[in-house]
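Its first residue numbered 0, the sequence shown is counted upward by one per residue in numbering that gives the first Met the number 0. We put the CB at the ideal spot given by N, CA and C, even for glycine.
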Amino acid sequence: MLEMRQNIRYVSLAYKKGLENATRVACAPNCRANLSRSSLSPKKLSPPKKNSSITRQTRRDEQKQSSLFLFETRSISRFDSDRRFSLCGFLCVFNPTHFWPLLSSPALGTGAYWRGVGSPPRRPRCRRLRIGGRTPRVLGCSDRTRGAPSTACEWTLALRDAHPVGSRGGGDRGVRSGGPRSGTACARRELGRWGSSCGRSSTRAPSRTCRRRWSPRRSRWSVVRPRQRRESVLGREKREETESVQPEEREREKSGERGETTYPFLNLFANFQLGVDTVPVLLGPVSYLLLSKHAEGVDRAFSPLSLLGKILPIYREVVSELKAAGASWIQFDEPTLVLDLDSHQLQAFTEAYSELESSLYGVNVVVETYFADVPAEAYKVLTSLKGVTGFGFDLVHGTQTLDLIKGGFPTGKYLFAGVVDGRNIWANDLAGSLSTLLALEIIVGKDKLVVSTSCSLLHVPVDLVNETKLDDEIKSWLAFAAQKVVEVNALAKALAGQKDEAFFSANAAAQASRKSSPRVTNEAVQKAAAALRGSDHRRATTVSARFDAQQKKLNLVMPAATIDSIAKELRSPHSQYKAKKISEEEYIKAIKEEIDKVVKLQEELDIDVLVYGEPERNDMVEYFGEQLSGFALTINGWVQSYGSRCVKPPIIYGDVSRPKLPYVFWSTAVQSMATGPMKGMLPGPVTILNWSFVRNDQPRSDTCYQIALAIKDEVEDLEKAGIDVFQIDELALRDGLPLRKFEQASYLDWTVHSFRITNCGVQDTTQIHTHTYYSQFNDFPLSIINTDADVITIENCRFDESVFREGVNYGAGVGPGVHDFHSPSIPSAEQIADSITKKLARNIVSFNPDYKFKTCEHAGVKRALENMVAAVELLRAELSHAIKEKSE
Numbered sequence: 000m001l002e003m004r005q006n007i008r009y010v011s012l013a014y015k016k017g018l019e020n021a022t023r024v025a026c027a028p029n030c031r032a033n034l035s036r037s038s039l040s041p042k043k044l045s046p047p048k049k050n051s052s053i054t055r056q057t058r059r060d061e062q063k064q065s066s067l068f069l070f071e072t073r074s075i076s077r078f079d080s081d082r083r084f085s086l087c088g089f090l091c092v093f094n095p096t097h098f099w100p101l102l103s104s105p106a107l108g109t110g111a112y113w114r115g116v117g118s119p120p121r122r123p124r125c126r127r128l129r130i131g132g133r134t135p136r137v138l139g140c141s142d143r144t145r146g147a148p149s150t151a152c153e154w155t156l157a158l159r160d161a162h163p164v165g166s167r168g169g170g171d172r173g174v175r176s177g178g179p180r181s182g183t184a185c186a187r188r189e190l191g192r193w194g195s196s197c198g199r200s201s202t203r204a205p206s207r208t209c210r211r212r213w214s215p216r217r218s219r220w221s222v223v224r225p226r227q228r229r230e231s232v233l234g235r236e237k238r239e240e241t242e243s244v245q246p247e248e249r250e251r252e253k254s255g256e257r258g259e260t261t262y263p264f265l266n267l268f269a270n271f272q273l274g275v276d277t278v279p280v281l282l283g284p285v286s287y288l289l290l291s292k293h294a295e296g297v298d299r300a301f302s303p304l305s306l307l308g309k310i311l312p313i314y315r316e317v318v319s320e321l322k323a324a325g326a327s328w329i330q331f332d333e334p335t336l337v338l339d340l341d342s343h344q345l346q347a348f349t350e351a352y353s354e355l356e357s358s359l360y361g362v363n364v365v366v367e368t369y370f371a372d373v374p375a376e377a378y379k380v381l382t383s384l385k386g387v388t389g390f391g392f393d394l395v396h397g398t399q400t401l402d403l404i405k406g407g408f409p410t411g412k413y414l415f416a417g418v419v420d421g422r423n424i425w426a427n428d429l430a431g432s433l434s435t436l437l438a439l440e441i442i443v444g445k446d447k448l449v450v451s452t453s454c455s456l457l458h459v460p461v462d463l464v465n466e467t468k469l470d471d472e473i474k475s476w477l478a479f480a481a482q483k484v485v486e487v488n489a490l491a492k493a494l495a496g497q498k499d500e501a502f503f504s505a506n507a508a509a510q511a512s513r514k515s516s517p518r519v520t521n522e523a524v525q526k527a528a529a530a531l532r533g534s535d536h537r538r539a540t541t542v543s544a545r546f547d548a549q550q551k552k553l554n555l556v557m558p559a560a561t562i563d564s565i566a567k568e569l570r571s572p573h574s575q576y577k578a579k580k581i582s583e584e585e586y587i588k589a590i591k592e593e594i595d596k597v598v599k600l601q602e603e604l605d606i607d608v609l610v611y612g613e614p615e616r617n618d619m620v621e622y623f624g625e626q627l628s629g630f631a632l633t634i635n636g637w638v639q640s641y642g643s644r645c646v647k648p649p650i651i652y653g654d655v656s657r658p659k660l661p662y663v664f665w666s667t668a669v670q671s672m673a674t675g676p677m678k679g680m681l682p683g684p685v686t687i688l689n690w691s692f693v694r695n696d697q698p699r700s701d702t703c704y705q706i707a708l709a710i711k712d713e714v715e716d717l718e719k720a721g722i723d724v725f726q727i728d729e730l731a732l733r734d735g736l737p738l739r740k741f742e743q744a745s746y747l748d749w750t751v752h753s754f755r756i757t758n759c760g761v762q763d764t765t766q767i768h769t770h771t772y773y774s775q776f777n778d779f780p781l782s783i784i785n786t787d788a789d790v791i792t793i794e795n796c797r798f799d800e801s802v803f804r805e806g807v808n809y810g811a812g813v814g815p816g817v818h819d820f821h822s823p824s825i826p827s828a829e830q831i832a833d834s835i836t837k838k839l840a841r842n843i844v845s846f847n848p849d850y851k852f853k854t855c856e857h858a859g860v861k862r863a864l865e866n867m868v869a870a871v872e873l874l875r876a877e878l879s880h881a882i883k884e885k886s887e
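Written out as structure tokens, the structure is:
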């Protein structure tokens with residue numbers, strides 16, 4: 000994307016109809032950003048479409064000479080002397096025969112291309128003679144060197160090898176013919192290259208009839224024949240655009256209906272010349288501030304809403320630019336309206352949109368909410384906002400908002416009814432959604448009702464067509480993003496009296512199939528899950544009593560341990576085994592060899608509690624779901640997790656049970672390899688639930704209980720196989736936390752209960768660890784404590800020490816993360832020991848890294864683990880010395 004700055008003005012916009020992108024050149028004053036070769040990313044474009052204004056021969060010639068490329072540049076450094084005219088960023092579609100050499104100079108590593116359009120303010124020196132602080136001589140200038148170029152100036156300045164390249168007749172790298180006035184050094188001498196047959200003095204410039212041109216390809220001067228000046232690429236494209244545009248479109252452009260925006264990225268949203276009528280989406284000003292976080296060192300009492308007056312002018316400017324670009328609708332997302340807001344925060348919405356009202360005039364504005372019901376007070380504030388044309392609501396998650404709409408909706412406003420679930424992958428019940436829409440149509444009016452998804456489709460995979468290995472029956476129950484768009488369109492047509500009976504009938508059949516399918520219902524599982532209600536499922540003894548029993552058996556004094564996998568995923572054996580290119584015996588052999596390496600590494604480092612590295616797994620949740628019934632896996636169901644990281648969540652379509660033994664085989668196989676205790680690693684039931692696409696035909700708590708029962712069976716079987724230490728990760732406890740506070744207590748109750756179910760049947764000598772993020776312990780420490788785990792390992796690098804000390808108030812142990820192993824810096828043993836003793840004086844039962852190692856290199860892991868073990872030895876020595884002094 001272009002990294003543009005404020006006050007950017009378009010200098011030129013050339014668009015050739017039939018191409019997929021326009022040529023845009025933008026400029027901004029005082030821009031000092033740099034252009035590097037890495038910021039140039041050529042992307043192949045599709046060939047031009049047929050166009051009446053471009054002859055077939057022209058297209059053939061263009062395709063023969065070169066292909067079309069799109070180059071994105073983040074910025075280009077200032078190259079004029081007065082800092083008033085700078086090229087900040089551009090998108091260009093061009094013929095690389097002419098311009099690629101300018102952008103890939105081997106001498107500079109940079110390049111610039113400027114096509115003069117009009118005349119900049121007159122300055123003491125011609126800007127053509129100042130490039131990057133140098134004063135090169137430019138060939139062919141018809142103006143005197145003292146002064147700015149004329150309005151009709153057609154000059155091109157090119158940076159290459161720290162000098163301009165001149166040629167007569169407008170050659171590939173050249174400029175116009177001729178030379179500067181006499182009295183200046185010859186341009187050929189400026190370049191350090193001499194013409195062997197030049198008849199003029201070496202101290203003077205070449206004459207206007209000079210027939211010699213420097214050829215960089217041949218590294219010599221050559222004689223060229225005079226020819227007519229070639230039309231520039233920008234000029235040709237502008238002419239072709241003008242010839243191809245229709246008279247009515249030209250009139251709209253003249254009237255300013257489709258103007259140019261000073262923010263080029265905004266023009267990408269609302270560029271109707273590409274034939275796409277888009278709705279720009281902006282995060283609303285109040286939600287932008289409410290969702291922001293305090294910077295380090297800022298007083299926590301500081302209110303982000305105090306900055307509202309400073310950001311509203313920016314929003315007004317953006318709205319004006321979008322209107323100029325031709326946007327007829329603008330969407331503001333205000334998701335914080337579904338939270339528990341106080342009167343001061345709600346008042347901020349009224350103030351913000353009152354300030355924006357004048358800017359919003361002349362364009363339709365919709366304010367969207369999603370993910371939950373809108374509280375009654377927030378609904379009143381939202382529907383009374385000034386300058387807003389319509390309101391969008393999530394009508395899938397919750398029923399309160401629907402009741403509020405039925406109780407009253409502002410006359411003449413649009414209602415964007417989010418009846419298609421944008422967060423889950425199940426096909427919509429079209430009959431039920433149509434019934435809801437018909438009821439809303441009576442309230443708001445037929446012409447004011449808009450069918451929509453409940454939220455952005457970012458949360459679901461792209462297209463179900465890509466799932467070629469998914470069971471056909473299960474596939475008929477699903478709808479990815481592309482299918483959800485079809486559902487929205489079908490509902491809109493049905494409201495308009497154009498109902499597709501065949502499509503609705505197929506949808507009804509799929510809904511009925513899902514309800515009656517035997518693969519969805521398992522009566523034995525449902526009975527077992529129902530029996531769990533009303534019971535506490537805590538272990539028989541307290542944490543303190545269990546700790547003494549565990550110490551007698553395991554004899555672990557401040558043990559050093561790791562919290563997750565060390566080995567990287569073995570992609571080659573996995574893919575070969577799934578493709579049936581290797582046998583199961585060969586696959587197991589490859590896995591065991593990697594496990595052996597990991598175990599030996601830990602034993603060399605004197606790690607007390609070992610892990611086998613889990614090389615057989617890909618994603619933790621996906622691997623476990625693959626072993627359970629009621630789960631389905633996709634091959635292309637990727638969704639964004641954060642940044643550039645994507646995940647492929649499994650699908651929970653039915654009752655969950657455990658027909659296989661997912662970890663028993665590997666854990667028991669490696670137990671014989673290790674000399675010390677081996678830790679069994681399992682994902683928690685809440686983490687599996689929140690990192691999957693969950694069935695929507697029963698409460699999520701029921702599904703979580705079923706998963707907990709499957710993990711309970713696995714834990715008990717592993718215990719029988721000789722595993723004495725378990726780590727049950729609940730990393731996603733916060734991910735499913737409801738947004739409204741009155742719903743959070745119930746959620747935390749059944750999630751913590753689900754965790755206790757997983758280990759309620761083990762012996763007192765079996766030690767249960769759980770790993771959690773610092774934010775979870777920060778937000779609801781009592782719920783983490785109520786898991787009844789023997790040891791709570793916490794990601795501690797960004798942890799507040801005062802919150803960490805809350806762990807001292809209960810009997811369980813704490814495993815603080817001593818170091819983020821993804822960090823390039825590795826603390827010494829003394830630094831690790833000092834950090835831990837400052838944070839917690841007692842209750843330290845184990846030392847472990849902050850996170851898993853699968854993305855780390857083994858060399859860095861080994862060094863960090865060595866320092867961690869050395870820190871443990873220091874603390875053990877201090878503890879031993881303190882005990883000895885006390886006994887004396």
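Asked, Found
"Am I right that Thr771 and Ile793 are in contact with their C-beta atoms under 8 Å? What's the rounded C-beta distance?", "6 Å"
"Please work out which residues of its chain come closer than 8 Å, Cβ to Cβ, to Glu893, disregarding the five sequence neighbours upstream and downstream, and give them in chain order.", "The question about residue 893 has no answer here: the residues shown for the chain are numbered 0 through 887."
"Which one or two residues does DSSP pair with His768 in a beta bridge?", "Gln726, Val790"
"Exposed or buried, what is Ser886 when buried is set at 16 or more other beta-carbons lying within 10 Å of its beta-carbon?", "exposed"
"Between which residues of its own chain and Val366 is the CB-CB distance below 6 Å, once the five residues before and five after are set aside?", "Phe331, Glu333, Val387, Phe390"
"Once the 5 residues before and after Gly760 are set aside, which same chain residues still bring their CB inside 8 Å of it?", "Lys711, Val714, Glu715"
"For Pro737, which residues in the same chain have their Cβ closer than 6 Å to its Cβ, ignoring the five residues on either side in sequence?", "Gln743, Tyr746"
"Within 10 angstroms of its Cβ, does Ala371 collect 16 or more other Cβ (buried), or is it exposed?", "buried"
"Can you check which of these residues, Gly636, Ser453, Pro676, is closest to Val598 by C-alpha distance?", "Pro676"
"Which residue's Cα is closest to the Cα of Thr435: Ala426, Asn423, Leu448?", "Leu448"
"Have a look at Asn689 and Val655 and give me their C-alpha separation to the nearest angstrom.", "15 Å"
"Could you round the C-beta distance between Asp789 and Arg545 to whole angstroms and report it? I think they count as a contact, below 8 Å.", "6 Å"
"Across the segment 442-456 and the segment 490-502, are there enough close Cβ pairs to call them in contact, namely three or more that are closer than 8 Å?", "yes"
"Report yes or no: do three or more beta-carbon pairs, one from the segment 473-482 and one from the segment 505-517, lie closer than 8 Å?", "yes"
"Report back the beta-carbon spacing between Ile313 and Tyr287 to the nearest angstrom; my notes put them in contact at under 8 Å.", "About 10 Å separates the two Cβ atoms, so there is no contact after all."
"Quick check on the burial criterion: 16 or more other C-beta atoms within 10 angstroms. Buried or exposed for Gln344?", "buried"
"Within the same chain, show all residues whose beta-carbon is closer than 6 Å to that of Val890, passing over the 5 residues directly before and after it, in chain order.", "Look at the range of the chain in this structure, 0 to 887, and you will see that residue 890 is not part of it."
"Can you round the beta-carbon distance between Val638 and Pro682 to whole angstroms, since I take them to be within the 8 Å contact cut?", "Not quite, the Cβ-Cβ distance comes to about 18 Å (not below 8 Å), so this is no contact."
"Tell me, please, which residues DSSP counts as bridged to Asn363.", "Trp328"
"Compare the C-alpha of Tyr652 against each of Gly629, Gly361, Thr674 and name the closest.", "Gly629"
"Would Val608 and Val724 be called neighbours here (beta carbons separated by less than 8 Å)?", "yes"
"Take Ala720 as the anchor and find which of Cys454, Asp728, Gly679 has the nearest alpha-carbon.", "Gly679"
"Can you tell me which of Ser455, Leu401, Ala501, Ser504 puts its alpha carbon nearest to the alpha carbon of Ala438?", "Leu401"
"What is the DSSP secondary structure of Val419, counted as helix, strand or coil?", "strand"
"How many Å lie between Val461 and Ser291 at the Cα?", "30 Å"
"With a Cβ-Cβ cutoff of 8 Å, do Ala631 and Thr686 count as a contact?", "no"
"Report the three-state DSSP secondary structure of Leu90 (helix, strand or coil).", "At Leu90 the pLDDT is 29, less than 50, meaning the model places this residue with poor confidence; the figure from the coordinates comes in the next sentence. Here Leu90 sits in strand by DSSP."
"Measuring straight from C-alpha to C-alpha, what distance separates Val860 and Gly812?", "25 Å"
"Once the 5 residues before and after His293 are set aside, which same chain residues still bring their CB inside 7 Å of it?", "Arg299, Phe301"
"From Asp428, Gly406, Ala527, pick the residue whose C-alpha is nearest to that of Ser504; which is it?", "Asp428"
"In three-state terms, what does DSSP make of Ala876?", "helix"
"Would you grab the beta carbon distance between Leu456 and Lys483 for me? Rounded to a whole angstrom, and I think it's under 8 Å.", "6 Å"
"Pull up the DSSP beta-bridge partners for Met867, would you.", "Paired residue(s): none; Met867 is not in a bridge."
"Report buried or exposed for Val556, applying the criterion of at least 16 other Cβ atoms within 10 angstroms of its Cβ.", "exposed"
"Which residues mark the beginning and the end of the beta strand (DSSP E) in which Tyr652 is found?", "650-656"
"Between the C-alpha atoms of Leu873 and Glu376, what's the straight-line distance to the nearest angstrom?", "58 Å"
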